[in-house]
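> Below is the structure I would like to discuss, written out as structure tokens.
Number of protein chains: 4
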Amino acid sequence: MATTGRPRDARVDAAILDATRAILARDGYAGLTMDAVAEQAGIGKAAIYRRHATKQEMVFAAVIHEAELPVRPDTGSLAGDLTALVQEIVDHLTGPAASAAVLGLLADLGPDSALGARFRERFVTRELADIEALLDRAVERGELPPPPSRPDATTVHALVTGPVFAFLYLQRTPPDGLPERLGPLIAGALTVTEGPPGP
Amino acid sequence: MATTGRPRDARVDAAILDATRAILARDGYAGLTMDAVAEQAGIGKAAIYRRHATKQEMVFAAVIHEAELPVRPDTGSLAGDLTALVQEIVDHLTGPAASAAVLGLLADLGPDSALGARFRERFVTRELADIEALLDRAVERGELPPPPSRPDATTVHALVTGPVFAFLYLQRTPPDGLPERLGPLIAGALTVTEGPPGP
Amino acid sequence: MATTGRPRDARVDAAILDATRAILARDGYAGLTMDAVAEQAGIGKAAIYRRHATKQEMVFAAVIHEAELPVRPDTGSLAGDLTALVQEIVDHLTGPAASAAVLGLLADLGPDSALGARFRERFVTRELADIEALLDRAVERGELPPPPSRPDATTVHALVTGPVFAFLYLQRTPPDGLPERLGPLIAGALTVTEGPPGP
Amino acid sequence: MATTGRPRDARVDAAILDATRAILARDGYAGLTMDAVAEQAGIGKAAIYRRHATKQEMVFAAVIHEAELPVRPDTGSLAGDLTALVQEIVDHLTGPAASAAVLGLLADLGPDSALGARFRERFVTRELADIEALLDRAVERGELPPPPSRPDATTVHALVTGPVFAFLYLQRTPPDGLPERLGPLIAGALTVTEGPPGP
DNA sequence: AACTAATCGAGACGGTACGTCCGGTCTTGCA
DNA sequence: TGCAAGACCGGACGTACCGTCTCGATTAGTT
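Protein chains in written order, with the working numbering: chain W, 1 to 199; chain R, 1001 to 1199; chain S, 2001 to 2199; chain L, 3001 to 3199.
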């Protein structure tokens, strides 16, 4: 049915996402308006809706999808690897656009939407693979027992991302030095699941 | 200035909060409308705004403020106390109305609003006192070193509430057995703050 | 179902219709925007749609329905009565709002709509009664034969309004002196249907 | 500047005008969309705008310009000539496309546009020449006095087209037998311009 | 018993954002 | 250069929601 036609203008794609991020940083998620995005981007609203079915999709694309996940090198220890992981999550969530958007997005998505699934795929599933590798390295180093005693990747994910969320969005604590404090703490939680190491 | 006039009808107070919870459970936070609450409660919108200045205040009152915080008994161990604390938070957040409202509320409140401060007072400050007592008990038992080496209450709060948020709202994992798994894990994190056990 | 509630504000009704007429006079029917009406009237769009289901209904109410039909006195002759009738139609159609709206309204209405029927009721049916009386007076004076030879009221209506439309909207001729010229002409058409009056 | 290049496809011209007429007949003037015309014609929108500067121009071309004006023979009497003229106008305006378009076009054109002038040229100026001839023939026959007493062509034009418009678009009367009734009536109006027959 | 004053359900109010649609222009690749 | 396809900007559409205001009708407490 669709043959060729005029192709989408890549500059328009970029302008939409840039404007979305700028407005998020300036006015927050609640102050983000489709008309404002269109005006700031210098485009028509139809150009937005041609690309993003809903406001949530657009914000997701601007804030979550665009962010490139960096490689996670082996730091030589479980605590170091976890510190690096926390650092990365903190970096993600403290950007001006992301910090304004994440909660609103999470709230709007709900448990059942298709976009909610994609959101979780990005924020959960994809991290889980990295965490799995991180844990395997710790087992090789002897820091953790081999499976099935080895801690669950899902649990580690919750232990890593959860406190970051709590610090940033519940307590609204500034994130300075957070990774360095959280990383070893979580490593401690994982290495001694059967009680404190007595002599 | 204010003499007497007709007193407020307590049944209206209850009807508003009940309707709010019912609609939250049925339609979620995004589907919650002031007109819908009024209709479902069989009252006028003015009666709502006479009691709650904004939609967020109303939801806060219906979901957060109403819930009575239980007493937290001494379970005899740090891990037990933490398990009980996690259990209570999980209970709070898994009710049909609360689970629908918390994220939306958190997003709408933002870092600066007065209601945001009250929300945090409920969810953070008030918990901090209990956590402080919980930690003191652990010091007395010899499970933790005395201050200043004793872990920070804010950190413990983040370690406790954070993973619960992560499981419920990021991973959308069912909360079965969560407290029993999380409690000891966090206790482990606190008892070995000086790094993993040596070789 | 509907009990009392706050009654509609009559000043809002008037503001809407006034704004409609002002914008019609300034920007024409094509330039008439619901947003512009709302802004000019200093009200919200919802207040308009609460009263008028469509733009056409609103224009109809502003331009057609409001106009009060004057009484039509007996001028003593068929030609005089017809001249007065033409004069009145010309007056109706040369107002700044009406002249801008009538054609657009007529076009938008179409043959089948309910509003089209109301439009015709105003512009046709209601005139027909007056024309009937006018013709009866002419029969009494002996200017016209009694029924069934007496001309049809529908035909007279078309002979009266048609040329006015043609002058105003097809030829765009200024309406100066139109009634004085058209009235006797139509009277002539009616009095000699069987050919010119020969001696 | 303009060289040659690929010549325009005459089948495209026809497809556009056919589609325009079909959609006008099916959906009316208000339902006529440029995209719909392009799709129905199986062509691109650019091909339309290469031929017609605006939607109005296109409709004008499809409905007004295409119609070829027939020759108007001498019927031997003023009433006969006028009947034939009315018949022709009725024929023009009762086609499914024309009847849907004329009012909308007239409304969109307004008094000042260039296309409005062309519309009037077709519907007024061009008829005026024929009416002039028609009147001259009547003068030769002795049915009318010679100029300057002879009726004005513009007036005759309004007397002829006006009632047809009124019957078709105001009253929405079926046009059966209209020319036969209107022709003699207008002839009567013209022959007795000095008032009703005395006693 | 009359008065006062705040409440009640109902719903209109101004403002603002939504997502859709259309007119007229521009840009692809193909012919 | 023409052509089909379709993206582009601008702007109006009619709907929905928030928080406020205004009715007439209660419902106490105060005179």
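Glycine is no exception: its CB is placed at the ideal position from the N, C-alpha and C atoms.
(1) Report the option in M2058/S, P2145/S, H2157/S and V2102/S whose CA atom is closest to the CA atom of A2038/S.
(2) Report yes if the C-beta distance between P83/W and P175/W is below 7 Å; otherwise report no.
(3) For a quick check, are the C-beta atoms of L2032/S and L2024/S less than 7 Å apart?
(4) Helix, strand or coil, according to DSSP, for Y2029/S in the structure here?
(5) Does V1086/R have its Cβ less than 7 Å from a Cβ in chain W?
(6) Could you list which residues in chain S have their beta carbon closer than 7 Å to that of D3108/L, in chain order?
(7) Take R3011/L as the anchor and find which of D3027/L, R3026/L and I3043/L has the nearest alpha-carbon.
(8) Along the chain, where does the alpha helix (DSSP H) containing Q1040/R start, and where does it finish?
(9) Closer than 7 Å by C-beta to A1079/R: which residues in its own chain qualify, once you throw out the five before and the five after it? Chain order, please.
(10) Any beta-carbon of chain S closer than 7 Å to the one on D3042/L?
(11) So V2164/S and G3110/L are supposed to be a Cβ contact under 8 Å. How far apart are they, rounded?
(12) Which residues in the same chain have their Cβ closer than 8 Å to the Cβ of D3211/L, if we skip the five residues on either side of it in sequence?
(13) Going by alpha carbons, who is nearest to V3086/L out of P3147/L, Y3029/L, V3160/L and R3141/L?
(14) Mind pulling the chain R residues with CB within less than 7 Å of T161/W?
(15) Check this for me: beta carbons of Y169/W and L103/W, under 7 Å apart or not?
(16) In three-state DSSP terms, what is E2066/S?
(17) Please name the residues in the segment 133–155 of chain W whose beta-carbon is closer than 8 Å to at least one beta-carbon of chain R, in chain order.
(18) Classify S3099/L as buried or exposed, calling it buried when 16 or more other Cβ atoms lie within 10 Å of its own Cβ.
(19) So, helix, strand or coil for H92/W, using DSSP?
(20) Mind checking if A3189/L is an interface residue toward chain S, Cβ cutoff 7 Å exclusive?
(21) First and last residue of the alpha helix (DSSP H) that includes H157/W?
(22) Whose CA, out of V2063/S, R2181/S and Q2171/S, lies closest to the CA of H2092/S?
(23) I'd like to know whether the C-beta atoms of H1157/R and E1180/R end up nearer to each other than 7 Å.
(24) Name the chain R residues whose beta carbon is nearer than 8 Å to that of V59/W?
(25) Taking the alpha helix (DSSP H) that P1184/R falls in, what are its first and last residues?
(26) Which residues in chain R have a C-beta closer than 8 Å to the C-beta of V90/W? List them in chain order.
(27) Taking the continuous alpha helix (DSSP H) assigned at E132/W, which residues delimit it?
(28) Any idea what DSSP makes of S1099/R, helix, strand or coil?
(29) Whose C-beta lies closer than 7 Å to the C-beta of E1088/R among residues of the same chain, with five residues either side of it excluded?
(30) Establish whether the CB of Q2158/S and some CB of chain L are separated by less than 7 Å.
(31) List, in chain order, every chain S residue whose beta-carbon is nearer than 7 Å to that of P3070/L.
(32) Looking at the secondary structure, which residues open and close the alpha helix (DSSP H) in which Y2049/S lies?
(33) Going by Cα to Cα distance, which pick from V2192/S, D2130/S, R2120/S and M2034/S is closest to L2144/S?
(34) Which two residues bound the contiguous alpha helix (DSSP H) that contains E3057/L?
(35) Taking the CB atoms as reference points, tell me whether Q171/W and V1090/R lie closer together than 7 Å.
Let's see:
(1) M2058/S
(2) As written in the sequence, residue 83/W is Thr, which differs from the Pro given in the question. Result no, Cβ atoms of T83/W and P175/W do not sit closer than 7 Å.
(3) yes
(4) coil
(5) no
(6) A2030
(7) I3043/L
(8) M1034 to A1041
(9) G1183, P1184 and A1187
(10) Note on residue identity: the sequence assigns Gly, not Asp, to residue 3042/L. So no, G3042/L is outside the interface.
(11) Their Cβ separation, rounded to whole angstroms, is 18 Å, which puts V2164/S and G3110/L out of contact at 8 Å.
(12) What is shown of chain L runs 3001 to 3199, which leaves residue 3211/L out entirely.
(13) V3160/L
(14) A1166 and L1170
(15) yes
(16) coil
(17) G142, E143, T154 and T155
(18) buried
(19) helix
(20) yes
(21) A153 to F165
(22) V2063/S
(23) no
(24) Simply none; closest approach about 12 Å.
(25) L1178 to T1191
(26) Per Cβ cutoff of 8 Å: no residues; V90/W is ~12 Å from chain R at best.
(27) R126 to R141
(28) helix
(29) P1070
(30) Correcting the residue identity first, residue 2158/S is Ala in this sequence and not Gln. Chain L, which has a Cβ nearer than 7 Å to the Cβ of A2158/S, makes this yes.
(31) Those within 7 Å of P3070/L in chain S number zero; the least Cβ separation is about 20 Å.
(32) K2045 to R2051
(33) V2192/S
(34) K3055 to V3059
(35) no
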